[in-house]
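A.B. asks: End of the sequence shown = 744 in this note's numbering, gap-free, step of one. The structure that follows is given in the form of structure tokens.
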Amino acid sequence: MPKDTKMSQKSAPNSTAKKPKKDAYGAEQISVLEGLEPVRKRPGMYIGSTGPDGLHHLIWEVVDNSFDEAMAKFATHIVVTLNENGSVSVEDDGRGIPVDTHKQYKVSALELVLTKLHAGGKFGMEGGGYKVSGGLHGVGVSVVNALSEQLDVVVERDGGMFTQTYKRGEPTGKVKKIGASKKHGTKITFKPDVTVFETVEFDIKRVIEHLRQQCYLTKGVKLTIVDTRKTPYSTYGFYFEGGVASYVRHLNSHSKHPKHPSVFYVEKKIEDSTIEIALQYTEDYGENLYPFTNNIHNPDGGAHVAGFRTALTRTLNNYARSKGFLKDKDTNLTGDDVREGLTAVISVKIPEPQFEGQTKTKLGNPEVRGYVETIMGDAFATFLEEHPRDAEAIIGKCVLAQRARAAARAARDTVLRKGALEGFALPGKLADCSSREAENCELYIVEGDSAGGSAKQGRDRNFQAILPLRGKILNVERARLDKMLANTEIKSLIIALGTNIGEGFDLEKLRYNRIIIMTDADVDGSHIRTLLLTLFYRYFPDLITNHHLFIAQPPLFKISKGKDHRYVFSEEERDKVIQEFQKMKAAAKSKGAEEETDEGEKVEEEAELEEGAIRIPGIGIQRYKGLGEMNPEQLWQTTMNPVSRMMKLVTVKDAKSADETFDILMGADVAPRKKFIQTHAKNANLDI
Ligand code: 0RA
Numbered sequence: 057m058p059k060d061t062k063m064s065q066k067s068a069p070n071s072t073a074k075k076p077k078k079d080a081y082g083a084e085q086i087s088v089l090e091g092l093e094p095v096r097k098r099p100g101m102y103i104g105s106t107g108p109d110g111l112h113h114l115i116w117e118v119v120d121n122s123f124d125e126a127m128a129k130f131a132t133h134i135v136v137t138l139n140e141n142g143s144v145s146v147e148d149d150g151r152g153i154p155v156d157t158h159k160q161y162k163v164s165a166l167e168l169v170l171t172k173l174h175a176g177g178k179f180g181m182e183g184g185g186y187k188v189s190g191g192l193h194g195v196g197v198s199v200v201n202a203l204s205e206q207l208d209v210v211v212e213r214d215g216g217m218f219t220q221t222y223k224r225g226e227p228t229g230k231v232k233k234i235g236a237s238k239k240h241g242t243k244i245t246f247k248p249d250v251t252v253f254e255t256v257e258f259d260i261k262r263v264i265e266h267l268r269q270q271c272y273l274t275k276g277v278k279l280t281i282v283d284t285r286k287t288p289y290s291t292y293g294f295y296f297e298g299g300v301a302s303y304v305r306h307l308n309s310h311s312k313h314p315k316h317p318s319v320f321y322v323e324k325k326i327e328d329s330t331i332e333i334a335l336q337y338t339e340d341y342g343e344n345l346y347p348f349t350n351n352i353h354n355p356d357g358g359a360h361v362a363g364f365r366t367a368l369t370r371t372l373n374n375y376a377r378s379k380g381f382l383k384d385k386d387t388n389l390t391g392d393d394v395r396e397g398l399t400a401v402i403s404v405k406i407p408e409p410q411f412e413g414q415t416k417t418k419l420g421n422p423e424v425r426g427y428v429e430t431i432m433g434d435a436f437a438t439f440l441e442e443h444p445r446d447a448e449a450i451i452g453k454c455v456l457a458q459r460a461r462a463a464a465r466a467a468r469d470t471v472l473r474k475g476a477l478e479g480f481a482l483p484g485k486l487a488d489c490s491s492r493e494a495e496n497c498e499l500y501i502v503e504g505d506s507a508g509g510s511a512k513q514g515r516d517r518n519f520q521a522i523l524p525l526r527g528k529i530l531n532v533e534r535a536r537l538d539k540m541l542a543n544t545e546i547k548s549l550i551i552a553l554g555t556n557i558g559e560g561f562d563l564e565k566l567r568y569n570r571i572i573i574m575t576d577a578d579v580d581g582s583h584i585r586t587l588l589l590t591l592f593y594r595y596f597p598d599l600i601t602n603h604h605l606f607i608a609q610p611p612l613f614k615i616s617k618g619k620d621h622r623y624v625f626s627e628e629e630r631d632k633v634i635q636e637f638q639k640m641k642a643a644a645k646s647k648g649a650e651e652e653t654d655e656g657e658k659v660e661e662e663a664e665l666e667e668g669a670i671r672i673p674g675i676g677i678q679r680y681k682g683l684g685e686m687n688p689e690q691l692w693q694t695t696m697n698p699v700s701r702m703m704k705l706v707t708v709k710d711a712k713s714a715d716e717t718f719d720i721l722m723g724a725d726v727a728p729r730k731k732f733i734q735t736h737a738k739n740a741n742l743d744i
């Protein structure tokens with residue numbers, strides 16, 4: 057397999073691609089075209105996985121080609137339809153995939169596009185290179201074809217309407233002209249191969265979320281999504297004239313308070329690249345930065361982000377100095393100062409992106425840094441001059457951040473000098489484990505003293521430590537570092553973790569490899585969990601990204617039949633087990649008296665059931681409302697024993713969404729909180 061094909065990144069949109077030299081498309085280039093067997097053999101290599109991610113990737117791949125047509129200003133409207141039979145149609149009004157016969161191959165270009173892998177994402181046709189690429193891996197529509205039970209393509213161009221059908225990537229016949237047409241465009245309908253994918257069910261939410269984002273990144277394209285799988289059909293339409301400026305507005309429309317009315321926006325071409333940036337500050341403390349290269353998100357940033365940051369800091373400092381917001385004696389604003397409350401989208405479109413890092417999510421191209429720095433610096437300086445009131449609000453926010461940071465540093469220094477954290481005795485409430493090998497050690501953060509008691513008795517004290525936290529810990533949203541350090545519960549936690557916090561944070565000093573949040577399965581439990589997740593998200597993000605943070609999964613029910621009992625984790629699972637037990641009982645009954653009867657056992661078991669248990673004849677159902685209801689042995693077996701427990705690894709996404717919920721619950725804004733409480737009123741008992 058040619059190296060470039062495998063996981064190669066998306067290449068440039070037509071509009072910005074370097075015009076390929078004619079001779080780049082000689083026989084040599086064409087000889088790398090190959091069939092689709094490798095795709096069917098190792099689908100994961102091309103689309104990442106055969107799970108839901110890979111499945112949805114098929115849509116992204118096809119839609120990307122349509123977006124490329126839109127970026128090149130040939131297509132204006134894209135329609136994505138989730139069909140009743142499980143297939144997906146993607147239709148655009150672009151040029152249409154060429155249908156003329158390829159000189160070397162003597163088959164229709166359309167067939168080549170759909171049945172051959174294209175090294176580097178491009179391949180030669182007379183008169184220049186056709187780009188046939190897209191998607192995260194830049195693999196092209198042929199990969200989608202290979203992994204589809206059936207794919208139908210209809211092309212309108214050159215006065216005709218043409219079609220071809222494929223099964224698992226193999227054409228079932230030649231390209232046929234089925235009529236005349238004055239229009240132009242491409243419609244691809246594919247049905248994912250059930251023998252390839254773990255699931256073939258598309259998630260409309262996911263489709264909407266991804267495609268909406270792509271729409272922001274492709275200014276002026278109209279996109280319609282139709283879900284026909286259920287009646288009445290649902291239709292969603294997106295059209296963002298403002299490009300990434302619309303995106304920033306959207307990002308700031310959810311429980312964020314813009315600090316100033318105008319969104320800064322610039323779009324500029326430089327060399328072969330297009331740079332588009334939008335930003336607006338909010339009252340938030342965090343930073344929301346969304347960098348993209350050729351419409352691919354780069355969570356790890358890279359050259360464009362570096363250029364952006366340099367320009368942002370420098371421009372704000374220049375402005376603040378020249379207008380007297382910073383006096384001679386004042387120090388410059390730092391990168392951290394200008395980052396607080398910033399929402400920004402940086403989208404670059406470049407001909408040959410290079411990605412770095414293990415996950416290939418960081419943009420490498422060094423020239424891009426300079427491009428972004430120049431464009432951002434010039435345009436943002438102009439913006440500040442032209443919008444003095446926005447400028448004043450932004451600088452005000454940055455200067456405040458600078459002061460707060462200085463105050464926090466001073467506070468932290470005093471705290472540290474007093475030895476509050478480092479080397480300080482471990483908190484009394486901590487029941488530490490005996491092992492000192494962090495690699496093996498676990499810290500359970502447990503809600504309440506009673507659950508803490510059970511956990512202390514139930515644990516394996518060799519490697520499991522327990523830290524009980526009492527009640528509502530604190531509102532970290534409004535509290536800053538200095539206030540946080542003063543809170544005893546948080547102090548206990550930080551001391552127990554051993555890493556210190558803020559600028560003093562050191563992952564190497566982490567005393568436990570796994571930190572496990574263990575709270576009740578009720579509203580209070582979920583509130584405390586949200587608080588803790590928010591705390592970790594904001595102050596210990598490295599613990600999350602390095603996979604140290606988990607959520608324990610205590611069972612919700614215990615279902616018993618005779619001596620047999622099962623712990624289950626959801627109501628669905630509960631009903632399944634009850635059914636299963638009922639079937640077993642029925643089977644046992646019909647077998648007759650030689651079988652052990654449930655009746656005798658039942659009495660014994662029912663006696664064991666605690667208060668609140670529901671009874672179905674012969675089956676006991678015990679609901680656990682809190683960890684405290686389990687005895688230490690049960691808690692160990694179901695929730696803490698590494699051999700039998702289930703734990704949820706906390707991802708940045710989980711923590712981020714907790715953080716957003718937290719904003720709603722704790723933030724200054726009343727309206728969203730009211731709405732949240734109203735919609736959750738049935739199952740909530742919030743005292744906030
Ligand atoms: C190759 C060359 C050209 C367009 C396309 C492919 C193309 C592919 C897809 C996939 C979905 N929609 C699409 N629209 C166009 C350029 C053809 C020309 O120069 O006329």
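We treat Cβ as the ideally placed atom computed from N, Cα and C, and that holds for glycine.
Could you have a look at residue 150 and say whether DSSP puts it in helix, strand or coil?
C.D. replies: As a working mapping, residue 150 is identified with position 94 in the sequence shown. Reduced to three states, the DSSP call for residue 150 is coil.
A.B. asks: Counting only runs of 4+ residues fully inside the stretch 284–341, write out the alpha helix (DSSP H) ranges in chain order.
C.D. replies: Within the stretch 284–341, the complete alpha helix (DSSP H) runs of at least 4 residues are 300–307.
A.B. asks: By how many angstroms is the C-alpha of residue 282 removed from the C-alpha of residue 355?
C.D. replies: Position 299 of the sequence shown, counted from the start, is the residue given in the question as residue 355. Position 226 of the sequence shown, counted from the start, is the residue given in the question as residue 282. About 29 Å.
A.B. asks: Between which two residues does the alpha helix (DSSP H) containing residue 621 stretch?
C.D. replies: Residue numbering aside, residue 621 sits at position 565 when the sequence shown is read from its first letter. Note, residue 621: premise wrong, no alpha helix (DSSP H); beta strand (DSSP E) at 620–624.
A.B. asks: Where do the ends of the alpha helix (DSSP H) carrying residue 370 lie?
C.D. replies: The sequence position of residue 370 within the sequence shown is 314, counting from 1. Per DSSP, residue 370 belongs to the alpha helix (DSSP H) from 359–378.
A.B. asks: Rounded to whole angstroms, what is the Cα-Cα separation between residue 370 and residue 167?
C.D. replies: Counting from one through the sequence shown, the residue named residue 370 turns up at place 314. Counting from one through the sequence shown, the residue named residue 167 turns up at place 111. If I take the Cα positions, the gap works out to 53 Å.
A.B. asks: For residue 347, does the three-state DSSP call read helix, strand or coil?
C.D. replies: Numbered from its first residue, the sequence shown carries residue 347 at position 291. Reduced to three states, the DSSP call for residue 347 is strand.
A.B. asks: Contact check, residue 402 vs residue 424 under 8 Å by CB: the rounded distance?
C.D. replies: Sequence index remark: in the sequence shown, residue 402 carries index 346 (1-based). Sequence index remark: in the sequence shown, residue 424 carries index 368 (1-based). The Cβ separation is near 10 Å, so there is no contact.
A.B. asks: Under the rule that 16 or more other beta-carbon atoms within 10 Å means buried, what is residue 156, buried or exposed?
C.D. replies: Within the sequence shown, residue 156 is the residue found at index 100, counting from 1. Answer is exposed; the Cβ neighbour count stays below 16.
A.B. asks: Taking a contact to mean a Cβ-Cβ separation below 9 Å, would you say residue 345 touches residue 398 in this structure?
C.D. replies: Position 289 of the sequence shown, counted from the start, is the residue given in the question as residue 345. Position 342 of the sequence shown, counted from the start, is the residue given in the question as residue 398. Yes, the Cβ-Cβ distance between residue 345 and residue 398 is below 9 Å.
A.B. asks: Distance, Cα to Cα, residue 140 vs residue 287?
C.D. replies: The sequence position of residue 140 within the sequence shown is 84, counting from 1. The sequence position of residue 287 within the sequence shown is 231, counting from 1. Approximately 10 Å between the Cα atoms of the pair.
A.B. asks: Within 10 angstroms of its Cβ, does residue 699 collect 16 or more other Cβ (buried), or is it exposed?
C.D. replies: Along the sequence shown, read from residue 1 onward, the residue named residue 699 stands at position 643. With fewer than 16 other Cβ atoms within 10 Å, it is exposed.
A.B. asks: Check whether the Cβ atoms of residue 293 and residue 307 sit closer than 9 Å, and answer yes or no.
C.D. replies: The count along the sequence shown starts at 1 and reaches residue 293 at position 237. The count along the sequence shown starts at 1 and reaches residue 307 at position 251. For residue 293 and residue 307, no; Cβs fall outside 9 Å.
A.B. asks: Closer than 8 Å: is that where the CB of residue 131 sits relative to any heavy atom of ligand 1?
C.D. replies: For the purposes of this step, residue 131 is identified with residue 75 of the sequence shown, where counting begins at 1. It does: the Cβ of residue 131 is within 8 Å (strictly closer) of some heavy atom of ligand 1.
A.B. asks: Is residue 150 near ligand 1 - that is, is its Cβ less than 8 Å away from at least one heavy atom of it?
C.D. replies: Your numbering for residue 150 matches position 94 in the sequence shown. Yes, since a heavy atom of ligand 1 falls inside the 8 Å radius drawn around the Cβ of residue 150.
A.B. asks: Alpha carbon to alpha carbon, how far is residue 367 from residue 258?
C.D. replies: Looking up residue 367 in the sequence shown gives position 311. Looking up residue 258 in the sequence shown gives position 202. Their backbone Cα atoms lie some 42 Å apart in a straight line.
A.B. asks: DSSP three-state label for residue 161, please.
C.D. replies: Taking the sequence shown and counting its residues from 1, one reaches residue 161 at position 105. Three-state DSSP puts residue 161 in coil, outside helix and strand.
A.B. asks: Nearest to residue 260 by CA position, among 364, 111, 321, is which residue?
C.D. replies: Counting from one through the sequence shown, the residue named residue 260 turns up at place 204. Comparing Cα-Cα distances from residue 260 to each of 364, 111, 321, the minimum goes to 111.
A.B. asks: Check whether the stretch 316–325 and the stretch 382–389 are in contact - that is, three or more C-beta pairs closer than 8 Å.
C.D. replies: No, the stretch 316–325 is not in contact with the stretch 382–389.
A.B. asks: Given residue 593, which residues of its chain have a CB within under 6 Å of its CB, disregarding the five upstream and five downstream residues?
C.D. replies: Position 537 of the sequence shown holds residue 593. Closer than 6 Å at the Cβ level, and outside the excluded window around residue 593, lie 711, 715.
A.B. asks: So what's residue 464 in DSSP terms, helix, strand or just coil?
C.D. replies: The residue you call residue 464 lines up with position 408 of the sequence shown. Three-state result, residue 464: helix.
A.B. asks: Starting from residue 483, follow its DSSP beta bridges and name the residues at the other end.
C.D. replies: Sequence index remark: in the sequence shown, residue 483 carries index 427 (1-based). Bridge partners of residue 483: none, in fact.
A.B. asks: Below 8 Å, is the gap between the Cβ of residue 118 and the nearest heavy atom of ligand 1?
C.D. replies: The residue labelled residue 118 in the question sits at position 62 within the sequence shown. Yes - ligand 1 has a heavy atom lying nearer than 8 Å to the Cβ of residue 118.
A.B. asks: Is the CB-CB distance between residue 447 and residue 440 below 9 Å?
C.D. replies: Taking the sequence shown and counting its residues from 1, one reaches residue 447 at position 391. Taking the sequence shown and counting its residues from 1, one reaches residue 440 at position 384. The answer is yes: Cβ separation under 9 Å.
A.B. asks: Among 637, 218, 372, 223, whose alpha-carbon lies nearest the alpha-carbon of residue 199?
C.D. replies: Against the sequence shown, residue 199 aligns to sequence position 143. That would be 223, whose Cα lies nearest to the Cα of residue 199.
A.B. asks: In angstroms, rounded to a whole number, what distance separates the CA positions of residue 524 and residue 458?
C.D. replies: The residue you call residue 524 lines up with position 468 of the sequence shown. The residue you call residue 458 lines up with position 402 of the sequence shown. Whole-angstrom Cα-Cα distance: 35 Å.
A.B. asks: Quick check on this structure: which residue in 563, 615, 613 has the alpha carbon closest to the alpha carbon of residue 605?
C.D. replies: Residue mapping note: residue 605 aligns to position 549 of the sequence shown, counting from 1. When only C-alpha atoms are compared, the closest one is 563.
A.B. asks: Which of the three DSSP states is assigned to residue 452 in this structure?
C.D. replies: On the sequence shown, residue 452 is found 396 positions in, with the first residue counted as 1. Correct three-state label for residue 452: helix.
A.B. asks: In three-state terms, what does DSSP make of residue 707?
C.D. replies: As a first step, residue 707 must be located in the sequence shown, where it is residue number 651. Residue state, collapsed to three classes: coil.
A.B. asks: Go ahead and pull the three-state DSSP assignment for residue 406.
C.D. replies: Here residue 406 is taken as the residue at index 350 of the sequence shown, counted from 1. Note: residue 406 maps to coil in three-state DSSP.
A.B. asks: Check whether the Cβ of residue 455 sits closer than 8 Å to any heavy atom of ligand 1, and report yes or no.
C.D. replies: Here residue 455 refers to the residue found at position 399 when the sequence shown is read from its first residue. No, Cβ of residue 455 sits at least 8 Å from all heavy atoms of ligand 1.
A.B. asks: According to DSSP, is residue 204 helix, strand or coil?
C.D. replies: If you number the sequence shown from 1, residue 204 lands on position 148. Three-state DSSP puts residue 204 in a strand.
A.B. asks: Put residue 677 into one of helix, strand or coil per three-state DSSP.
C.D. replies: The sequence position of residue 677 within the sequence shown is 621, counting from 1. Three-state DSSP puts residue 677 in a strand.
A.B. asks: Just to check, is the beta-carbon of residue 125 closer than 8 Å to a non-hydrogen atom of ligand 1?
C.D. replies: Walking along the sequence shown from the start, residue 125 turns up at place 69. Yes, since a heavy atom of ligand 1 falls inside the 8 Å radius drawn around the Cβ of residue 125.
A.B. asks: Classify residue 636: buried if its beta carbon has 16 or more other beta carbons within 10 angstroms, exposed otherwise.
C.D. replies: Residue mapping note: residue 636 aligns to position 580 of the sequence shown, counting from 1. The residue in question, residue 636, is exposed, as its Cβ has fewer than 16 Cβ neighbours within 10 Å.
A.B. asks: In the DSSP assignment, find the unbroken beta strand (DSSP E) run with residue 233 in it and report its ends.
C.D. replies: In the sequence shown, residue 233 corresponds to position 177, counting from 1. Its beta strand (DSSP E) spans residues 232–236.
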